[in-house]
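Engineer:
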Amino acid sequence: LMADDNWTEENFEEVVRKAASTTVTRRKSGLPKDLIIVSIPEVVDDFLRNFLRRASLRQTLNSFEAEWHSSAQKAMTEALMRTMAAAGISFIHDALTHRQLLQSELEAVRRETDQLRQEVLAAGESLVKLQRERDFHWLQYQKVAENKSTLIEDYNQLKKHLESYGPALRQLDDKFKTALRQKMLLSLEKDRAQNTSEARVDQESPQINKTTLKKTDCTQKLSAKSPMKRHPKDSEFPICSRKMNPRLKSPEWKQPSSFSLCCSIRAHKLPISCISLHPQKLILASASDDSSWKLWVLPMVLRGEGHSDWLSGCSFHPDGSKLATTSGDTTVRLWDFALGSCVLTFSGHSQPTWGCSFHSCGHFLASCSADRTTKLWDLNSQRCRLTLRRHTASVNSVCFMPFSNLLLTCSADKTLALWDARLGVCTTAFHGHLHPCYHAAFSLAGDIVASCDSGGVINVWDIRKPMPGVATVDAGPLGANQVVFSPSGKMLSVGSSDGLVRLVEVGSWTVRTLSGHSDSVQSVTFDHNGETVISAGSEGQINVWSELCVNEEMKN
């Protein structure tokens, strides 16, 4: 076009006129104002540029280009973008628009760069602090490691030093135990000799009257009617069903508040389930879940192992020379102190045995079990003479009335039963507990029975009356595990699951507590004079409560 000489101003005016007519036509067509795009042909643009260049109007040309691209073109571009966005048409940016987008992106990148620079500086400061802390802790670790190595060397030296004393300590311990065992056996032999001499005197001067003959005849008739076969070594129950208990005394009454903790013994590592006092001497037997029993004269004298499971109960023979134990292995074992071993093992229960009790004559042993039965064992014939079945749940305790053929049992079926051991007949049943019964015991006079249950309730019964109930004492809310009478019968001692030993005064029924155990109290007993209370707990500790407190605490 620039080279065409025929190009004149008339042609330019004609082109402008056509463009204006095209614009007016589009407006008259009724299209929206936003969609009308003023289109100027490129010919006009080129003509203006060439015209200004020929006339050497450089400044005008530069102004034209600046205004054309900065204002007109920008407005047209924005209008086109809005129009195409409304029509859903993508728009390809020209170089200027693309440059503006790049500049905005560049500014955003610079802002992010500044922010990252600040974060990097903060992270660098944190890294420096962490490095300093690491160095500090590393120095501390090196010091601790050096101290540890020094302590290990000292420990190894002390261990070697202790091992050098081991043989000498074992020898001294064996000698000490042997001396104590011999001393105890001598005292037991003296007691046995005295009992034998008294028995010979009784045999040399018998007094048989008509009543005795009648009782003997009745016993023979009953035995003849019994369907069980007799064993040649079977023992006979004493003819006199009751006689005065020589241990029954009336010592001076001691108020419960006068008892205080005298000493504590770490007897076993596992819970102690039962303790029993020697009939004549201050010798205590303890049975534990560690499958062993121990004899204590403060300190330990003897230890026995033979059961394959935890021990649940123990009881001294009336002459004090033997000990019976019950266990979770379903057996009942008899231990002879003179021999230092188990002499009899009774196997007949099908589930764990919970407790045992000797007859005052020493020839019979009763045991109770979780199999809901009570068995009577004959020590001479070494067999089961009777199996008592009445309870509908586990039989938790068994006890012979002192110097009598009556046997007391209590069960998880919430009842107590009184049996005639000669005939195997239940003579009386006691109903009154609302929870499973854990233990029952006679007073030494044999006229009162005390029982306790899992709700902490203690019931006292007078078996001489048709309606045996006497009193009820609530020592709950936790269970009462064992209850025993004092020798005078004026006080009860109760071992509770809350770690307390409760002393109940018979008659006024006031309750005092002794605290010293850190776990459940499983067993309690009085000494022969009723002046000392001994308790054992699940933490394996034996506590002695007395007025005559000893400052020294003895531990195993």
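The sequence shown maps to residues -13 to 542 in this note's numbering.
Beta carbons: idealized from backbone N, C-alpha and C, even for Gly.
No experiment lies behind these values; they were computed from the predicted model shown.
Quick check for students: name the residue ranges of the beta strand (DSSP E) that lie wholly in the region 267 to 322, counting only runs of 3 or more.
Structural biologist: DSSP runs (the beta strand (DSSP E)) wholly in the region 267 to 322: 270 to 274, 278 to 282, 286 to 291, 297 to 302, 308 to 313 and 317 to 322.
Engineer: Using C-beta distances below 6 Å, list every residue in its chain close to residue 502, excluding the 5 sequence neighbours before and after it, in chain order.
Structural biologist: Counting only Cβ-Cβ distances below 6 Å, and skipping sequence neighbours, we find 247 and 529.
Engineer: Measuring straight from C-alpha to C-alpha, what distance separates residue 477 and residue 373?
Structural biologist: When rounded, the distance between both Cα atoms is 33 Å.
Engineer: I'd like to know whether the C-beta atoms of residue 543 and residue 273 end up nearer to each other than 8 Å.
Structural biologist: Outside the modelled stretch of the chain, which goes from -13 to 542, sits residue 543, for which no answer is possible.
Engineer: Checking 8 Å against the spacing of the C-beta atoms, do residue 519 and residue 490 come in under that value?
Structural biologist: Not in contact: residue 519 and residue 490 (Cβ atoms no closer than 8 Å).
Engineer: Rounding to the nearest angstrom, what Cα-Cα distance links residue 271 and residue 135 in this structure?
Structural biologist: Computed Cα separation, rounded: 46 Å.
Engineer: Check whether the Cβ atoms of residue 318 and residue 363 sit closer than 8 Å, and answer yes or no.
Structural biologist: Closer than 8 Å, so yes.
Engineer: Check for me: the alpha helix (DSSP H) holding residue 50 runs from which residue to which?
Structural biologist: First-last of the alpha helix (DSSP H) with residue 50: 44 to 53.
Engineer: Excluding the 5 residues preceding and the 5 following residue 433 in the sequence, name in chain order all residues of the same chain whose CB lies nearer than 8 Å to its CB.
Structural biologist: Excluding positions up to five away in sequence, the list reads 448, 449 and 450.
Engineer: Using three-state DSSP, classify residue 102 as helix, strand or coil.
Structural biologist: Note: residue 102 maps to helix in three-state DSSP.
Engineer: So what's residue 425 in DSSP terms, helix, strand or just coil?
Structural biologist: Here residue 425 sits in strand by DSSP.
Engineer: Measure the alpha-carbon distance for residue 132 versus residue 146 and round it to whole angstroms.
Structural biologist: The straight-line gap from Cα to Cα measures roughly 22 Å.
Engineer: Who are residue 527's beta bridge partners in DSSP?
Structural biologist: DSSP output for residue 527 lists 252 as bridge partner(s).
Engineer: Would you call the CB atoms of residue 417 and residue 443 closer than 8 Å?
Structural biologist: No, the Cβ-Cβ distance between residue 417 and residue 443 is not below 8 Å.
Engineer: Residue 338 and residue 302: beta carbons closer than 8 Å?
Structural biologist: For residue 338 and residue 302, no; Cβs fall outside 8 Å.
Engineer: For residue 403 and residue 377, I'd like the C-alpha separation in whole angstroms.
Structural biologist: Distance between the alpha carbons of residue 403 and residue 377 is about 8 Å.
Engineer: If you measure between the beta carbons of residue 527 and residue 252, is that distance less than 8 Å?
Structural biologist: Yes, the pair counts as a contact, with Cβ atoms nearer than the cut-off.
Engineer: At the level of alpha carbons, what is the spacing between residue 51 and residue 113?
Structural biologist: Their backbone Cα atoms lie some 56 Å apart in a straight line.
Engineer: Does DSSP put residue 468 in a helix, in a strand, or in coil?
Structural biologist: The answer is strand: DSSP assigns residue 468 an E or B state.
Engineer: Measure the C-alpha to C-alpha separation of residue 276 and residue 168 and round it to an integer number of angstroms.
Structural biologist: Each residue's alpha carbon lies about 26 Å from the other.
Engineer: Using 8 Å as the cut-off, can you tell me whether the region 302 to 313 makes contact with the region 331 to 350, which would need three or more C-beta pairs spanning the two stretches below that distance?
Structural biologist: Judged by Cβ distances under 8 Å, the region 302 to 313 makes contact with the region 331 to 350, as three or more pairs qualify.
Engineer: Alpha carbon to alpha carbon, how far is residue 475 from residue 405?
Structural biologist: Going by the C-alpha atoms only, they are around 22 Å apart.
Engineer: Can you find a CB in chain C that lies within less than 8 Å of the CB of residue 278?
Structural biologist: Looking for chain C here will not work: only one protein chain is present.
Engineer: Tell me the rounded alpha-carbon separation between residue 430 and residue 154.
Structural biologist: C-alpha separation (whole angstroms): 47 Å.
Engineer: With DSSP collapsed to three states, give me the class of residue 417.
Structural biologist: Note: residue 417 maps to strand in three-state DSSP.
Engineer: Could you tell me the alpha carbon to alpha carbon distance between residue 175 and residue 269, rounded to whole angstroms?
Structural biologist: Cα to Cα, residue 175 sits roughly 15 Å from residue 269.
Engineer: Rounded to whole angstroms, what's the CA-CA distance from residue 481 to residue 142? Just pull it up for me.
Structural biologist: One C-alpha to the other measures close to 45 Å.
Engineer: Looking only at its own chain, which residues have a Cβ that is under 7 Å from the Cβ of residue 483, when we skip the five neighbours before and after it?
Structural biologist: Once the five neighbours on either side are set aside, the close Cβ partners of residue 483 are 464, 465, 467 and 506.
Engineer: Throw me the rounded Cβ distance for the residue 316 and residue 336 pair, which I believe falls under 8 Å.
Structural biologist: About 7 Å separates the two Cβ atoms, so the contact holds.
Engineer: Look at the alpha carbon of residue 36 and the alpha carbon of residue 48, and state the distance between them as a whole number of angstroms.
Structural biologist: Using only the alpha carbons, I get a separation of about 13 Å.
Engineer: Roughly how many angstroms separate the alpha carbons of residue 495 and residue 389, rounded to a whole number?
Structural biologist: Their backbone Cα atoms lie some 28 Å apart in a straight line.
Engineer: Let me know if residue 94 comes out buried or exposed under the rule of 16 or more other beta-carbons within 10 Å of its beta-carbon.
Structural biologist: Residue 94 is exposed by the Cβ-count criterion.
Engineer: Counting C-beta neighbours from all protein chains within 10 Å, is the total for residue 294 16 or more, i.e. buried, or is it exposed?
Structural biologist: Per the 10 Å Cβ criterion, exposed.
Engineer: Mind checking residue 138: buried by the 16 CB within 10 Å criterion, or exposed?
Structural biologist: Counting Cβ neighbours within 10 Å, residue 138 comes out exposed, since fewer than 16 surround it.
Engineer: Given residue 329, which residues of its chain have a CB within under 6 Å of its CB, disregarding the five upstream and five downstream residues?
Structural biologist: If we look at residue 329 and ignore the five residues flanking it on each side, its Cβ neighbours are 320 and 322.
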